[in-house]
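In what follows, a single structure is set out as structure tokens and then discussed.
2 protein chains.
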Amino acid sequence: MKKGIGNMTRVEVLFLGTTASIPTPKRNHPAIYFRYVGKHEYCMLFDCGEGTQRQIFLAKENFMKLNEIFITHWHADHYAGLLGLIETMSLEKRSSPLHVFAPEATRFLNTLLSVGYGIRKFQVIAHDVPFKGKEVTKILEKEEYEIFSIPVKHGIPAVAYCFKEKDRVKIDKAKAKALGLPSQSVLYKKLKKEGRVEYKGRLVKLEDVSYIEAGKKVVYSGDTEACDNLIKLATNADLLILDCTYFEDVKERNHLNVYEAIEIASQANVKKLVLTHISRRYQDEREIERVVRELAKNFDFDVIIAKDFMRIELK
Amino acid sequence: MKKGIGNMTRVEVLFLGTTASIPTPKRNHPAIYFRYVGKHEYCMLFDCGEGTQRQIFLAKENFMKLNEIFITHWHADHYAGLLGLIETMSLEKRSSPLHVFAPEATRFLNTLLSVGYGIRKFQVIAHDVPFKGKEVTKILEKEEYEIFSIPVKHGIPAVAYCFKEKDRVKIDKAKAKALGLPSQSVLYKKLKKEGRVEYKGRLVKLEDVSYIEAGKKVVYSGDTEACDNLIKLATNADLLILDCTYFEDVKERNHLNVYEAIEIASQANVKKLVLTHISRRYQDEREIERVVRELAKNFDFDVIIAKDFMRIELK
């Protein structure tokens, strides 16, 4: 995979499964293959429904690059692919640790992995994610990004996740030039590092020539009904991926319908909304596309219905 | 599904997954959907690799008809589909019990089902299958068939299974007629039930006018290396389904290669051999077909390479 070019960074979201609970010929169980390309490349998985390892093969991606898996909740359609994926990683001679984040990860992951006679030659490390309260929790920090979670409402412990690329301090070249600082990377680096730089006897301060470039933000709800926590986590997201089990005004506890999903996206002021976890009752794709097109007219963000193997790129 | 017509009975074997360990675009994890149609229809599953529920959908079969699942051993590629299948059965409102047979079934099945928040509204009953020794064990008996098992060699507890339609006592109509007994079902039934029948003053004994029609026999090895137990269980089978991980002379402990598989079938005097559990290293189907065609020339039974969604019918 190509690394980011210059200061360009990239997020790729690949939908491996987009059905709700029960698979259909076109939609497998939930899983999202997530790639971030900054200075380095990072791959992670959000949810891991049954058949995820084969979907990764079919998408011509590499599951050996995955270092973190984030499970939203312990319903089988969201985690049943863990067993086989971990087993296959072992057969493929993985040696580096795999980190699995979930509410009650320690409890359930260790039980799951105690079944049968798998030979695991690498560590699978469970990380418990808080599933009560109203706070956003930072559950992982890397050099270039952070992962946050918040509890959502699904009748059982469940969370939503947020990938957040770190904000970057950028130099406004025109401003810098106006203050006598030429565009040289050694000078820019020093300025960013030390907050000031001297050039030909003139002192240039970072705050006078810089601005903040907000990092990309992607939020994935997992299964949930509407709740304030979700809006809080999703606020100003570049991409919000929501449970949208129903494309009618079905009020089911524990899940969202399309009206609720769009309302949440609107309140959270997101740029793009992807609807996934789609009930098998919607076999006619054109019909749900029509419903969404009608609704989306009233909002100024994109609304997309997820399909298996669909990719969305943020640059 | 149609019931058996008259005295005709039918066995259908549907291969849902035919890969070894790691899935490929064309081959999913091991599972066999097995249907027997006698007086009634019975459906069962042999092994249940990841993605089996979706393969059943794709094959347009009905997993709600399954009453028994037979797991050969606890490597994930042979059982990881249980979780999702059982969950989906529950979502589909199954109420009748499901019987799962396996070596150490109680230990592992109950642990597996303790993971997560599945809502099971039906009983899942674990049946422990013996995995030591040299004896064939009858593990299930129904009105029209029996299931047997025998331990095989795979480095961990593992068994092979045998489906055996019960032998039937049939009346030789010509012989019966010669002894003065007309072809009337009420007389035939009485003769079969009581061993004798009187008609117009003449006594006709069952042994004088009957013969035994052997029931159909199908044996599935699961993963194993060559062993006498397997030959014992497979003797005179109409259909033998074998682990054939390699189509070269690879001597790997725990698995069979094509030479060993054909030798076992020959020694067991089977009518038809199906090779499955095929390593992903064989992407060129024509090449392995060529190998098998060459070898099969020397034997008087059919040899078939399994493919996903292949069906074999025995009448």
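These protein sequence lines are chains D and X, in that order.
For what it's worth, the working numbering labels the leading residue of the first sequence as 1, then goes sequentially.
For what it's worth, the working numbering labels the leading residue of the second sequence as 316, then goes sequentially.
Every residue gets a Cβ at the ideal spot worked out from N, C-alpha and C, and that includes glycine.
Model, not experiment: these values are computed from the prediction.
Give me the Cα-Cα distance between His469 of chain X and Tyr476 of chain X, rounded to the nearest whole angstrom. 14 Å
Within its chain, find whatever has a CB closer than 8 Å to the CB of Ile156 of chain D; leave out the 5 residues flanking it on each side and keep chain order. His73, Trp74, His75
Using 8 Å as the cut-off, can you tell me whether the region 303-310 of chain D makes contact with the region 263-277 of chain D, which would need three or more C-beta pairs spanning the two stretches below that distance? yes
Going by DSSP in three states, Ala237 of chain D sits in which element: helix, strand or coil? coil
How big is the Cα-Cα spacing for Ile262 of chain D and Asn269 of chain D? 10 Å
In the region 54-75 of chain D, which residues sit with their C-beta less than 7 Å from some C-beta in chain X, listed in chain order? Arg54, Phe57, Leu58, Trp74, His75
Does the CB of Leu471 of chain X have a neighbour CB from chain D at under 9 Å? The sequence given here places Ile at residue 471 of chain X; Leu does not occur at that position. Yes, contact with chain D.
What would DSSP say about Leu494 of chain X, mapped onto helix, strand or coil? coil
Can you say whether Ile320 of chain X is buried or exposed, counting buried as having 16 or more other CB atoms within 10 angstroms of its CB? Any reading at Ile320 of chain X must be qualified, since the residue scores a pLDDT of 45, below 50, and its modelled position is unreliable; the value itself is stated next. Ile320 of chain X should be labelled exposed.
Proximal residues, the region 473-487 of chain X versus chain C, C-beta separation under 8 Å: Any reference to chain C falls outside this structure, whose protein chains are D and X.
Report the CB separation of Pro418 of chain X from Val467 of chain X in whole angstroms; it is logged as a contact under 8 Å. Going by Cβ atoms, the distance from Pro418 of chain X to Val467 of chain X rounds to 10 Å, so no, they are not a contact pair.
Please classify Lys375 of chain X: is it buried, with 16 or more other beta-carbons within 10 angstroms of its beta-carbon, or exposed? exposed
Among X:Gln370, X:Thr550, X:Glu456, X:Leu555, the one whose alpha carbon lies nearest that of Asn343 of chain X: X:Gln370
What does Asn343 of chain X reach in chain D if we use C-beta pairs closer than 9 Å? Gly51, Arg54
Would Ile212 of chain D pass as a contact of Arg168 of chain D if the rule is Cβ separation under 9 Å? yes
Between the beta-carbon of Lys217 of chain D and the beta-carbon of Asn236 of chain D, is there less than 9 Å? yes
Alpha helix (DSSP H) runs wholly inside the region 378-411 of chain X, at least 4 long, in chain order: 391-394, 397-406
Below 9 Å between beta carbons: does that hold for Arg350 of chain X and Leu329 of chain X? yes
Range covered by the beta strand (DSSP E) that runs through Ser149 of chain D: 145-151
Identify the continuous alpha helix (DSSP H) that holds Ile579 of chain X and give its terminal residues. 573-583
Rounding to the nearest angstrom, what Cα-Cα distance links Pro345 of chain X and Gly396 of chain X in this structure? 10 Å
Meets three-Cβ-pair contact criterion under 8 Å: the region 87-103 of chain D and the region 435-454 of chain X: no
Where Asp223 of chain D sits in the DSSP three-state scheme: coil
Through-space distance from Phe63 of chain D to Gln123 of chain D, alpha-carbon basis: 16 Å
Kindly indicate if chain D contains any beta-carbon less than 9 Å away from that of Arg410 of chain X. Residue identity check: residue 410 of chain X is Ser in the sequence provided, not Arg. Cβ-Cβ to chain D under 9 Å: no for Ser410 of chain X.
Return the bridge partner residues of Cys559 of chain X from the DSSP annotation. Its beta-bridge partners do not exist; DSSP assigns none.
Could you tell me which residues DSSP puts in a beta bridge with Met8 of chain D? None; Met8 of chain D has no bridge partner.
Check whether the region 504-517 of chain X and the region 535-555 of chain X touch, using three or more Cβ-Cβ pairs below 8 Å as the test. no
Alpha-carbon spacing of Val258 of chain D relative to Gln283 of chain D, whole angstroms: 16 Å
Which residues, in chain order, does the region 414-443 of chain X contribute to contact with chain D at a C-beta distance below 7 Å? Phe423, Thr426, Leu427, Ser429, Val430, Gly431, Tyr432, Gly433
Taking 9 Å as the threshold (beta carbon to beta carbon), is Thr88 of chain D in contact with chain X? yes
Measure the beta-carbon distance from Val444 of chain X to Phe478 of chain X and round it to whole angstroms, keeping in mind my assumption that it falls under 8 Å. That pair is no contact at about 14 Å.
Range of the contiguous beta strand (DSSP E) that encloses Ser210 of chain D: 210-213
In three-state terms, what does DSSP make of Tyr282 of chain D? coil
Give the secondary structure of Glu450 of chain X by DSSP, where H, G and I count as helix, E and B as strand, and everything else as coil. coil
Measuring only the C-alpha atoms, how far is Thr529 of chain X from Glu480 of chain X? The amino acid occupying residue 529 of chain X in the given sequence is Ala; Thr does not appear at that position. Going from the Cα of Ala529 of chain X to the Cα of Glu480 of chain X covers about 8 Å.
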